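First residue of the sequence shown? That's 18 in our numbering, and the numbers climb one at a time after it.
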Amino acid sequence: MKKTLKVLGLLVVAAALFAGCKNNADDEQKNIQDALFDPTELTVDTRTLEFSDGNWVFRFIEEEDDVLNSKQMEFKVSNNQIVTTESITYITYECMPIPEGTPEEMKEAAKELGYKIDGNTATLYKEYDYVELVRKSQTDADFQAKVRAYENDEMEIPDPEVEAYYYGTMFMVELSFGSMPAGTKTNSDKTKYYCLRTNSHDNSTSKIYIAKQ
């Protein structure tokens, strides 16, 4: 979400607004901004994901300054492999404060992309079928052009659909390789995984939860 933050100019804001982000989802939306489970339950060190057959959930939560960025993917595993021929649900939730002086035209452009503006807070909630996004990336020339523009940092405000494809692909690659960073914890039956990542370049913190349903 660095590109979105840069465009909106979200630099220094009141910390009180961040507390509102964590409880800003509508009742009809899935709550993906909270912990998927209690990570203190996990006591086994691991560097490798081992998927058993069934339904799994991957949740990514990033907190940077006063911005909350959550992603979730719901997928099926068969023969210990992620099934990519069936629907894979991708959900994104973003909540960020808007500083005074943000141009109204930029707010309107954000609204057109699906952001909700409520006072000094912008939120986004979207659900996609990641498998359909992959197909679209292979057949839709306009979508392909948007992906290239996103990768080259040429979008004034990133298209949430393009970001869903971009981040979904990144997450799927990581999950398919099954390699986890040092400090990853799991349980004895390997149905839950958790790791904490700190990005040294901006001090943002990412929490990764993976669980069998």
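Just so it is clear, CB atoms sit at the ideal spot from N, CA and C, and this is done for glycine as well.
None of the values given here were measured: they were computed from a predicted structure.
Check                                                                                                                                                                                        : Outcome
Alpha carbon to alpha carbon, what distance is there between S104 and L213?                                                                                                                  : 28 Å
Taking just the CA atoms, how far does Y184 sit from D55?                                                                                                                                    : 25 Å
Applying the criterion that 16 or more other CB atoms from any shown protein chain within 10 Å of the CB defines a buried residue, is V121 buried or exposed?                                : A small fix is needed here, since residue 121 is Glu in this sequence, not Val. Exposed: under 16 other Cβ atoms inside 10 Å.
Where does Q98 fall in DSSP's three states?                                                                                                                                                  : strand
Suppose contacts are defined by Cβ-Cβ distances below 7 Å. Is K88 in contact with T109 by that definition?                                                                                   : yes
Report yes or no: do the segment 122-142 and the segment 153-164 share at least 3 C-beta pairs separated by less than 8 Å?                                                                   : no
Taking the continuous alpha helix (DSSP H) assigned at K133, which residues delimit it?                                                                                                      : Unbroken run through K133 is the beta strand (DSSP E), K133 to D135; no alpha helix (DSSP H).
Identify the residues that DSSP records as bridge partners of E122: which are they?                                                                                                          : DSSP lists no partner for E122.
To the nearest angstrom, report how far apart P114 and E81 are at their CA atoms.                                                                                                            : 12 Å
Would you mind stating whether T101 and E91 have Cβ atoms separated by less than 7 Å?                                                                                                        : no
I'd like the span of the alpha helix (DSSP H) that includes R214, first residue to last.                                                                                                     : Unbroken run through R214 is the beta strand (DSSP E), K209 to T215; no alpha helix (DSSP H).
What are the boundary residues of the beta strand (DSSP E) that includes R265?                                                                                                               : The shown model of the chain, from 18 to 230, leaves out residue 265, and the question about it has no answer.
So the candidates are E67, E173, E168 and N204; which of them puts its Cα closest to the Cα of M187?                                                                                         : E168
Starting from the C-beta of A181, find all residues in its chain whose C-beta is less than 8 Å away, skip the five residues before and the five after it, and write them out in chain order. : Y107, T109, K143, Y145, Y147 and L150
I think S223 touches E79, with their Cβ atoms under 8 Å apart; what is that distance to the nearest whole Å?                                                                                 : 5 Å
Here's the rule: buried if 16 or more other CB atoms are within 10 angstroms of the residue's CB, otherwise exposed. What is T201?                                                           : buried
Give every residue of the same chain whose Cβ lies closer than 8 Å to the Cβ of V164, excluding the five residues on either side of it in the sequence, and list them in chain order.        : S154, V179, Y182 and Y183
Work out the CA separation of P116 and G26 for me, nearest whole Å.                                                                                                                          : Note on G26: pLDDT 38, under 50, position unreliable in the model; the coordinate value appears next. Computed Cα separation, rounded: 7 Å.
On the CB-based measure, 16 or more other CB atoms within 10 Å of its CB, does F194 come out buried or exposed?                                                                              : exposed
So the alpha helix (DSSP H) A139 belongs to, where does it begin and stop?                                                                                                                   : Premise fails: A139 lies in the beta strand (DSSP E), T138 to D146, not in any alpha helix (DSSP H).
If you follow the beta strand (DSSP E) that M189 is in, where does it begin and where does it stop?                                                                                          : Unbroken run through M189 is the alpha helix (DSSP H), P177 to F194; no beta strand (DSSP E).
Who does L85 pair with in a DSSP beta bridge?                                                                                                                                                : E80 and C112
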